[in-house]
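First comes the structure, then the notes that go with it.
There are 2 protein chains.
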Amino acid sequence: MVEEHALPTLEQDGHEDVYSLSAKRLAAILFAVERGDRDALIEEIEPLHAADIADLLEQVNAYDRRRLILLYGHDFDGDILSELDEGVREDVISVLHPQVLAEAVRDLESDDVVDLVEDLEGDAQEAVLASLHASDRVAVEKSLAYPEFSAGRMMQREVVMGAEHWTVGHAIDFMREAQELPEDFYHMVLVDPRLRPVGHVTLGKILGAPRGQKLNELMEPGFRTFSVDESEADVAYAFNQYHMISAPVVDEAGRLVGVITIDDAMNVLDEEHEEDILRLAGVGEGSLADRVFETVRARIPWLAVNLVTAILASLVIAQFEATISQFVALAVLMPIVASMGGNAGTQSLTVAVRAIATRDLTGANVWRVIRREVLVGLANGLVFAVIMGVVGVLWFGSPALGMVIAASMVINLVIAGLAGVGVPVLLERLGIDPALASGAFVTTVTDVVGFFAFLGLAAMVLL
Amino acid sequence: MVEEHALPTLEQDGHEDVYSLSAKRLAAILFAVERGDRDALIEEIEPLHAADIADLLEQVNAYDRRRLILLYGHDFDGDILSELDEGVREDVISVLHPQVLAEAVRDLESDDVVDLVEDLEGDAQEAVLASLHASDRVAVEKSLAYPEFSAGRMMQREVVMGAEHWTVGHAIDFMREAQELPEDFYHMVLVDPRLRPVGHVTLGKILGAPRGQKLNELMEPGFRTFSVDESEADVAYAFNQYHMISAPVVDEAGRLVGVITIDDAMNVLDEEHEEDILRLAGVGEGSLADRVFETVRARIPWLAVNLVTAILASLVIAQFEATISQFVALAVLMPIVASMGGNAGTQSLTVAVRAIATRDLTGANVWRVIRREVLVGLANGLVFAVIMGVVGVLWFGSPALGMVIAASMVINLVIAGLAGVGVPVLLERLGIDPALASGAFVTTVTDVVGFFAFLGLAAMVLL
């Protein structure tokens, strides 16, 4: 409420079935907060998944957020914290009563606590760790000892394992007698006497087999383990490529120390997806929850890079001031050539950056792909050369000008195809993320080539 | 081999552990194909996952691909077909011996066969369907009767279900006696006598409980079902938002007809991710396997849209020909203002398009986000106004020109922030995918406003 004018239909045309946080519910929640009506608030929040409650806290403004949390009180669930964006999360933790925070965190699996704690500042981190039971605290601190973005950070330490010689009956009895099984697990990991994993069996196979069946006869093909220091990006890639649902993590000695499940991998894939898109657009990092100052700081570097490349292009134009002052039509038409090159280059580079990320563009086919993009540039160049040639003649009545713009269009679109693939491939080989830097390089190339070809040809032909 | 010059280090710095298709192995495979050495080929391919073999087939050229498939022969696995990109898939199916194809397809789950068949042309589709057993064929044809991109197409029909009054013992006995259980399943779905799902129990809970325990006491909280005609995008969104691992699908009468698992949802998320990125770059669809002609055809529409918007911008410039012919410096500097606006607009729009896709930008916070983007545009505009003002004075020695470029920079960056959020929000409300069309609109706005503000102010101040 307050100063927000809602566009209530925006988010959910047709999504009511899958998304529980409707605009109507949001309004009811804010109204309950406004009145300080705790019962009404609980009634509206009760049916929501923790992920929806997190969305709710991200969507309302900071003032309503604080009032909501205070009114919600001790029902606050730890899973909500796990689902929150970093920026909002710190804000929420600072508002939560220490005891509510302690209770919320105590129910989480170890990997979720790690996920929560690793992004927090010193004070907030200490508050969360202090609220854990001693044994959980040790487990979390052990995980925090692994490097950031590693499998060790990603894994949960709660593992269901059995001896390699066990039968289905052993496995079932073991699980029935276990004090507490993890919330989500999909395999029993089989280990040798030194705790080294030798394979794993799906729970479905265990349930479908007679009690006397040996577990090692039911093991899944294509069993993989990850080392604790494997990067989370590689783990997520493997989960996606090989359709894995869970996989054991081993230490340097090859001993089982944890397990990574599909939800952890999906989190990482989601983050990488976000990063890819934002980097391609020259937005370093960024979420809607960031403040103006943080957003400005994140975006300025990319705009600064763009300013430098734009000035470079201007320097090219400056070389032809004499030509332009004689034929002002050149100033009118030149942005078209540059803009078409920039667009074609962005098309090629986006396809190339994606293909590198999904490992479809490799040493085996890079030359074929470059050849294809150049041919595509040539074909598109010819199509638009004809169109712009005609436009040039009709608009300015000069066949020579039409020819100049046509020829420079072909040149720039061929170069766009070449740079669009070549730049990301080169950056990748130099160890630079192509999503991050390709855009600036490619548009610099197409701007400079576009202006130079157009104005250069004009200077030769028209003067 | 043949005409490709490999850049062998491109794809795998540090990925050897997770990615089995190394450049070395690829070379060995092509060498075996070259020599027609079947044993060597099998030995190299044997350890690869179907997803890797599919990557292999996508990376080699069409000639090597055919020779490889013929040499590989009857070991060809159906899963490889499921992993292939559409374009390459048709090519592979046309090369496969009909009997090899029949055997390959027969082992797949029903949802994978549907996935395979739905993209095939008439003849190839008939060949695959004919190779199925009669009962499987009926199942696949039933799924194909559901609309494309619906939950009905996505689901597999093999479901493990039990009666709502069953105990853990009933469930275990049922699964042990089942002829065949699905390859991957994670829950037993509980149904009422009319086959309507009432909840589901994880296999872990079944394994951890005593035989006498009632299943309906073990049901998961937050149980969701999908209707057969739910869109696959909404299903995938729900899987991701609510961390689901599998969910039942029901027909119009609410009866259980299938189940969707996390791997199906991840496929859809992957495709949407791809689509988002490609659409933002104005590449309709596109994969590396497409031929030149297909690629040209896919990209031309977006370049044509860009041409129209570029010409619009040129028409603005044309209004100021007289001014430019007096001050050629304007022609040199004007692309900088337009380019900065285009970049800032792209930044805002990318964040907005992402936030709409992840449903973080809703009616509840749209005005706050617009206000933020305008403030960010104002702040960035002031920063770059100062820089460009100084550059303008130093370069051209004209304080008036410096003031003009500074003022137009502020105007264009504010407009860029406004258009960057406003355009995708409006498109979304009109039912148009903002990822698809926002870019063209936003850069049109920033080009037109940039040129108009800069040249218009110049005409007023300098003349």
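If you read the protein sequences in the order shown, they are chains D and Z. Each residue of the first sequence is one higher than the one before, counting from 1 in my numbering. Each residue of the second sequence is one higher than the one before, counting from 1001 in my numbering. The beta carbon of each residue, even a glycine, is placed where N, CA and C say it ideally should be.
Under the three-pair Cβ rule at 8 Å, the region 301 to 321 of chain D does not count as touching the region 402 to 418 of chain D.
Shown here for residue 1250/Z: same chain residues with a beta carbon closer than 8 Å to its own, the five before and five after excluded, namely 1196, 1197, 1225, 1226, 1227, 1228, 1256, 1257 in chain order. In summary, residue 35/D is exposed, with fewer than 16 beta-carbon neighbours lying within 10 Å of its beta-carbon over all protein chains present. Cβ atoms of residue 1105/Z and residue 1088/Z stay farther apart than 8 Å, at about 17 Å. Listed by position along chain Z, the residues whose Cβ is nearer than 7 Å to that of residue 149/D form an empty set, because the closest Cβ is around 13 Å away. Burial of residue 232/D is indicated by the presence of at least 16 other C-beta atoms within 10 angstroms of its C-beta. In the three-state reduction of the DSSP assignment, residue 1262/Z falls in the helix class.
Between the region 1331 to 1350 of chain Z and the region 1416 to 1429 of chain Z, the count of C-beta pairs closer than 8 Å reaches three or more; the two stretches touch. Residue 350/D belongs to the set of residues whose beta carbon lies under 8 Å from a beta carbon in chain Z. In the three-state DSSP reduction, residue 138/D falls in the helix class (H, G or I). Secondary structure of residue 1162/Z (DSSP, three-state): strand. In this structure, residue 161/D keeps its C-beta atom at 8 Å or more from the C-beta atom of residue 1207/Z. Distance from the CA atom of residue 264/D to the CA atom of residue 155/D, rounded to whole angstroms, is 8 Å. Using a Cβ distance threshold of 8 Å, residue 1201/Z and residue 1219/Z count as a contacting pair.
Between residue 49/D and residue 1237/Z a beta carbon distance of about 13 Å is seen, past the 8 Å cut, so the two are scored as non-contacting. Three or more pairs of CB atoms, one per stretch, sit closer than 8 Å, so the region 1091 to 1098 of chain Z contacts the region 1116 to 1133 of chain Z.
With respect to the C-alpha of residue 305/D, the residue from 1384/Z, 1433/Z, 1450/Z having the closest C-alpha is 1384/Z.
Look at the region 1154 to 1183 of chain Z: the residues with a C-beta under 7 Å from a C-beta of chain D are 1172, 1175, 1176, 1178, 1181.
Bounds of the beta strand (DSSP E) holding residue 1199/Z are 1197 to 1202.
Every alpha helix (DSSP H) stretch that sits fully inside the region 343 to 423 of chain D and reaches 4 residues is listed by chain position as 366 to 396. Look at residue 84/D: its C-beta is not under 8 Å from any C-beta on chain Z.
An exposed status is given to residue 1430/Z, since fewer than 16 other beta-carbon atoms sit within 10 Å of its beta-carbon. With a 10 Å radius around the Cβ and a threshold of 16 neighbouring Cβ atoms, residue 404/D comes out buried.
When secondary structure is reduced to three states using DSSP, residue 1320/Z falls in the coil class, being assigned neither helix nor strand. Residue 335/D is positioned such that its CB atom lies closer than 8 Å to that of residue 1335/Z. Residues of chain D whose Cβ lies closer than 7 Å to the Cβ of residue 1306/Z are, in chain order, 339, 340, 343. Among the residues of chain Z, those whose CB is under 7 Å from the CB of residue 242/D are 1049, 1051, following chain order.
Under the DSSP definition of a beta bridge, residue 1188/Z partners with 1201/Z.
Residue 1231/Z: not part of any beta strand (DSSP E); DSSP gives it neither H nor E. Residue 19/D reaches chain Z at 1359, counting residues in chain order whose Cβ is nearer than 7 Å. Taking 8 Å as the upper bound for CB-CB distance, residue 57/D and residue 67/D are not in contact here, some 12 Å apart. For residue 1098/Z, there is no enclosing beta strand (DSSP E); the residue is found in the alpha helix (DSSP H) stretching over 1098 to 1106. Residue-level contact check: residue 1065/Z does not touch chain D, since none of the beta carbons of chain D fall below 8 Å from its beta carbon. Put simply, the CB of residue 295/D is near chain Z, with a gap under 8 Å to one of its CB atoms. DSSP places residue 1182/Z in the coil class of the three-state scheme, outside both helix and strand.
Ranked by Cα distance from residue 321/D, the first of 182/D, 45/D, 456/D is 456/D.
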